[in-house]
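Chemist: Numbering (my numbering), first residue to last: 1 to 1176.
Each residue gets a CB set at the ideal place from its N, CA and C atoms; glycine is no exception.
#1: Considering residue 1034, what are the terminal residues of the alpha helix (DSSP H) in which it resides?
#2: Comparing the CB of residue 751 with every heavy atom of the ligand MG, is any distance shorter than 7 Å?
#3: Might you give, ordered along the chain, the residues of its own chain that have their beta carbon closer than 6 Å to the beta carbon of residue 1065, omitting 5 neighbours on each side?
#4: According to DSSP, is residue 1069 helix, strand or coil?
#5: Could you tell me if residue 964 is buried or exposed, where buried requires 16 or more neighbouring beta carbons within 10 angstroms of its beta carbon?
#6: Exposed or buried, residue 992, counting other C-beta atoms within 10 Å across all chains shown (16 or more means buried)?
#7: Please report the residue range of the alpha helix (DSSP H) in which residue 875 lies.
#8: Give the DSSP-derived three-state secondary structure of residue 906 in the structure shown.
#9: Could you check which residue in 351, 552, 1046 and 176 has the C-alpha nearest to that of residue 1083?
#10: Between the Cα of residue 353 and the Cα atoms of 364, 337 and 585, which residue gives the shortest distance?
#11: So, helix, strand or coil for residue 1117, using DSSP?
#12: Take residue 329 and list the residues in its own chain whose beta-carbon comes closer than 7 Å to its own, dropping the five residues that flank it on each side.
#13: Buried or exposed for residue 1158, please, with buried defined as at least 16 other CB atoms from any protein chain shown within 10 angstroms of its CB.
#14: Where does residue 615 fall in DSSP's three states?
#15: So residue 969 and residue 1071 are in contact, right, with Cβ under 8 Å, and what is the actual spacing, rounded?
#16: Report yes or no: do the region 528-538 and the region 1013-1031 share at least 3 C-beta pairs separated by less than 8 Å?
#17: Can you tell me the Cα-Cα spacing of residue 414 and residue 477, whole angstroms?
#18: For the beta strand (DSSP E) containing residue 1022, name the first residue and the last one.
#19: Taking the DSSP output, what are the residues bridged to residue 341?
#20: By Cβ distance, which residues of its chain are closer than 6 Å to residue 1119, with the 5 residues on each side in sequence left out?
#21: Using only CA atoms, which one of 269, 847, 740 and 607 lies nearest to residue 920?
#22: Starting from the C-beta of residue 1169, find all residues in its chain whose C-beta is less than 7 Å away, skip the five residues before and the five after it, and write them out in chain order.
#23: Determine the DSSP secondary structure at residue 224, reduced to helix, strand or coil.
#24: When you compare the CB positions of residue 675 and residue 700, do they come within less than 8 Å of one another, or not?
#25: In three-state DSSP terms, what is residue 727?
#26: Can you tell which of 883, 285 and 306 has the C-alpha that lies nearest to the C-alpha of residue 274?
#27: So is residue 640 buried or exposed if we call it buried at 16+ other beta carbons inside 10 Å?
#28: Rounded to whole angstroms, what is the Cα-Cα separation between residue 81 and residue 163?
#29: On the DSSP bridge list, what partners appear for residue 132?
#30: On the criterion of 16 or more Cβ atoms from any shown chain inside 10 Å, does residue 386 qualify as buried, or is it exposed?
#31: Given a cut-off of 8 Å, decide if residue 495 and residue 894 are closer than it, judged by their beta-carbon atoms.
#32: Excluding the five sequence neighbours on either side, which residues of its own chain have a C-beta within less than 7 Å of the C-beta of residue 111, listed in chain order?
#33: Measure the beta-carbon distance from residue 692 to residue 829 and round it to whole angstroms, keeping in mind my assumption that it falls under 8 Å.
#34: Could you check whether the region 809-817 touches the region 882-890, counting it as contact only if at least three pairs of C-beta atoms, one from each stretch, sit closer than 8 Å?
#35: Classify residue 670 as helix, strand or coil using the three-state DSSP reduction.
#36: Residue 1096 lies in the alpha helix (DSSP H); which residues open and close that run?
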């Protein structure tokens, strides 16, 4: 049943029925007049039957299906208390004519009799916006819509954004004495006033559609008349089957207020017992928070809560507005029924709430506020550096002390600084104007003082090793630089990734949050035992890093050189509490990026991921204890995972007190950090000590230190010598370099300088051109600087040296480690492993180096790269040739390099962070067998789908239904937005996308493509999310707020991992997916599907160099179906795509496919690619 009103005047009720059936249509008064109204005429508004119709007082009438119940989370409010009473803008001259609560945001809107509109935010009623909508006309109603508000005056309609920006003003001759309006659909608006007609407005085109004349379509006569009051009607409201009115009666020729409410039961069309009141009612609203409660307001500023149920008694408590005698003109109730707002003729708005933490809406969009101005920095009195121009000077009529006489002053203009050569190189001329990107090395509209320049030059002579030369002289090779992806309106589809990757391996995109770990993900992928173990891993945990890494490695195996996204892995990574506690989850603000220490961050991430994988795979290894015991070399497999057997090192710590008491503690570690010697106080003539890398590594493995510890013998804290001794050597040695402090960086650089001076024969001295500086030293061959980074001519000639220059690396390519009986080690550096023929069992090869690239042109240009040695197994799978080669991985940029480049480190811009060494026989000691963890049981054990009471359209796969290679499965997916797109407007007016919006899958549907149940879905999963959704995209996805919340959703809600494994199983089975725009769907789902298994209807019906055709237009043209009329539905879209594919196959067999596509484009151009209106 639907009974709605569209009125802002006083009138009686005429209700109509058709053929005696209990069905009521929308009822509208014959004359919308503020005086007397005697009858209503029936008007059938089928198209508006599902809309919420709002009258001028802000009263919301609902379909009975939507009003039959409320969410369980809605708690019954307590007694209402006055929270705020404020004088509105213009309140001293005009009264408040209308108030309403915003259904989109936590705002209260007010309009006064002088044409002014003001909004207030939250319970504190903080003024948000204030603007004039008309010079003098009264604001009669305010209607909040999605992109702003609509303010109705007597003869005009004004639309403005919530921030106060005018959008349009609409006025016609038919708009005379308008009183009220309601939004029937998203694009239509209905307005009425003191006339017999209604106006319907198209909000998209801002024009009048037609005039609605109120007539009874059959009898043109009233069928039911309810005489509410003897005089006139002042207000009424409807809830479920009750219609309640208040009004006036005629007594002795005058109108007097009836102190009772008339109650009508609409099921029998009769009046029931009236409700007595203690006040003179003028306005009323239902407040059905937990019962049929009613709020009744009098003109004198009093209101009472009345119970309409027969078994409950009304509250005798009377609420009073602090209106100081001004009559109350309007009031409204929030959608949560927890707040009420009143407006009086004195210009005040009163806010009453049921609790201190009341909310206006259950699901409100965040309100956009203006950024507050930055506070002025504190300036000391004795500060001689800060310019005086930065100090604000108060306004003064007298002259300042520093105001010199004109005859004592001479105007000298500052010289224009030279244009940066980088700007000139990148400048593009458009007629006589040049455009170039801002290099970011200077602030806008500011010229630095020369004193600052001198100070920066003097600071370059400090003890910090990376500032010994001018920053502009450092030239970083292009393959090491961070690549900024330029997005277009097509996103990444027209970006040429092949230009940055000529290999058969896959890179990782860096446009996602926390993608700094891409280099370490590649390192783990190219360790064959770790890759095979994670590909075979499977568990029931929702956010499992091991499972997500296995899925990611499967994508890297199947991508064939195309870049992949680690979105699902990073999604699970953000949910791990330990990662957040360690500070590994970064925010998106620029301030956090400026303070970021990438070296420390990636080393902490290395520790975290190894410990997390160890914890998550420990349970799996307990089941295979016997097999693992043979591989782990004596380890107790019940307490170790494959990570601890592969990278773990057992050791004991010997704690020896000076009293002689000694204690040993056994432990296990999976990572070592380099421990550098403390800086020694050297005499001016004494040279610094010379260390090799093996010396530092030996010191780090068998670490000895003195610390305060409790001695059981002395029974007090004593200086204790702690010495670490090893029990075994790991198969893979993971090392954190720890170059995150100036002291460690200075030590590393000093050792490289000593190695260069002495010309160590054991050093790796090769010809290499990775970082050869391109600038010539200004001093030429007379330069005496030992660590000069510029080019010098060959002695005796004026020729420049060749690009390939000899370099010396302190980092060896191999290590020979021997474990002694006492737990100590002997380590020998090997700079050329190829020359050693007989290598021992404990010989380690360098397999990866993760480095920090420091770009002096900007902090946001810093990045992390990985030099990785790809084993023969990887080349055999990728290109079919078992060779070994080093590669440089810089996100999606992959470049083959020489092995010397991996150990070549220019500490000015390339600094090592993480090192991985592995034994020669690593793959022989560990199993490399991959067992697919995903079987058909993922469908059979899907209890969530079977037991869902709301998933009536899904028929799960039966036991006899087996998908094989070539089977057809139609698929469609819907998405929501997690982060909005970031864009910038250039100086020439063009728009550039800095960062695209981040999408997340919200619904996945798969339907059968053949068989008896063809067209019946077997997957229709809504994906639950714990992250904040910025935009549900309801118009395009059909997803509404609450559908993805486990506590509120009535859908078949499941985890992304569960649905992802179902799709992975279908891909592994070789089924063919049919859909529309599947490339983008699989990209967001984070799934690699071979091209031969994808049938995309957007490509089937496409001509070269022409636009893509939408699914809606294809369905109308080929199938005669009208889909996506209101919102998108994934089941409907998948079925439509399947029918289009079947239609294309039929045209193809008849050899009519190409002519049919040509006809499609001709028809599309004629109707401008819009689906004409179709009759049902």
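Modeler: So, from the data block:
#1: Here residue 1034 refers to the residue found at position 1034 when the chain shown is read from its first residue. Here the alpha helix (DSSP H) through residue 1034 covers 1034-1037.
#2: The ligand MG is not part of the structure shown, which contains no ligands of any sort.
#3: By one-based count along the chain shown, residue 1065 stands at place 1065. Only 934 and 938 meet the Cβ criterion.
#4: The residue labelled residue 1069 in the question sits at position 1069 within the chain shown. Helix at residue 1069.
#5: The residue given as residue 964 occupies position 964 in the chain shown. Residue 964 should be labelled exposed.
#6: Counting from 1 along the chain shown, the entry for residue 992 is found at position 992. Classification for residue 992: exposed.
#7: Residue 875 sits at position 875 when you count from the first residue of the chain shown. Segment 872-878, the alpha helix (DSSP H) holding residue 875.
#8: Here residue 906 is taken as the residue at index 906 of the chain shown, counted from 1. Coil, per DSSP.
#9: Here residue 1083 refers to the residue found at position 1083 of the chain shown. Nearest C-alpha to residue 1083: 552.
#10: The residue given as residue 353 occupies position 353 in the chain shown. The option with the nearest alpha carbon to residue 353 is 337.
#11: For this step, residue 1117 is matched to residue 1117 along the chain shown. In the three-state DSSP reduction, residue 1117 falls in the helix class (H, G or I).
#12: The sequence position of residue 329 within the chain shown is 329, counting from 1. Closer than 7 Å at Cβ, skipping near neighbours: 95, 96, 97, 343, 344 and 345.
#13: In the chain shown, the residue the question calls residue 1158 occupies position 1158. Counting Cβ neighbours within 10 Å, residue 1158 comes out exposed, since fewer than 16 surround it.
#14: Here residue 615 is taken as the residue at index 615 of the chain shown, counted from 1. Helix at residue 615.
#15: What you label residue 969 is simply residue 969 of the chain shown in a count that begins at 1. What you label residue 1071 is simply residue 1071 of the chain shown in a count that begins at 1. Right, the Cβ-Cβ distance comes to about 5 Å (below 8 Å), so this counts as a contact.
#16: no
#17: On the chain shown, position 414 is the one that residue 414 refers to. On the chain shown, position 477 is the one that residue 477 refers to. One C-alpha to the other measures close to 37 Å.
#18: Against the chain shown, residue 1022 aligns to sequence position 1022. Its beta strand (DSSP E) spans residues 1017-1023.
#19: Along the chain shown, read from residue 1 onward, the residue named residue 341 stands at position 341. Paired residue(s): 332 and 351.
#20: Here the question's residue 1119 lines up with position 1119 in the chain shown. Result list for residue 1119: 1139, in chain order.
#21: Position 920 of the chain shown, counted from the start, is the residue given in the question as residue 920. Of the candidates 269, 847, 740 and 607, the one whose C-alpha sits nearest the C-alpha of residue 920 is 847.
#22: Locating residue 1169 in the chain shown gives position 1169, counting from the first residue. Cβ neighbours of residue 1169 beyond the five flanking positions: 1113.
#23: Translated into positions along the chain shown, residue 224 becomes position 224. It is a strand residue.
#24: Residue 675 sits at position 675 when you count from the first residue of the chain shown. Residue 700 sits at position 700 when you count from the first residue of the chain shown. Yes, these two residues count as a Cβ contact at 8 Å.
#25: Against the chain shown, residue 727 aligns to sequence position 727. Coil, per DSSP.
#26: Taking the first residue of the chain shown as 1, we reach residue 274 at position 274. The option with the nearest alpha carbon to residue 274 is 306.
#27: Working through the chain shown from its first residue, we reach residue 640 at position 640. It counts as buried.
#28: As a first step, residue 81 must be located in the chain shown, where it is residue number 81. As a first step, residue 163 must be located in the chain shown, where it is residue number 163. If I take the Cα positions, the gap works out to 30 Å.
#29: Within the chain shown, the letter at position 132 stands for residue 132. Residue 132 has 116 as its beta-bridge partners, per DSSP.
#30: Looking up residue 386 in the chain shown gives position 386. By the 10 Å Cβ count, residue 386 comes out exposed.
#31: The residue given as residue 894 occupies position 894 in the chain shown. The residue given as residue 495 occupies position 495 in the chain shown. Not a contact, by the Cβ cut-off of 8 Å.
#32: Counting from 1 along the chain shown, the entry for residue 111 is found at position 111. Excluding residues within five positions, the ones whose Cβ falls inside 7 Å are 97, 98, 117, 139, 142 and 151.
#33: If you number the chain shown from 1, residue 692 lands on position 692. If you number the chain shown from 1, residue 829 lands on position 829. Right, the Cβ-Cβ distance comes to about 6 Å (below 8 Å), so this counts as a contact.
#34: no
#35: Translated into the one-based positions of the chain shown, residue 670 becomes position 670. Residue state, collapsed to three classes: coil.
#36: Locating residue 1096 in the chain shown gives position 1096, where the first residue counts as 1. For residue 1096, there is no enclosing alpha helix (DSSP H); the residue is part of the beta strand (DSSP E) that begins and ends at 1094-1096.
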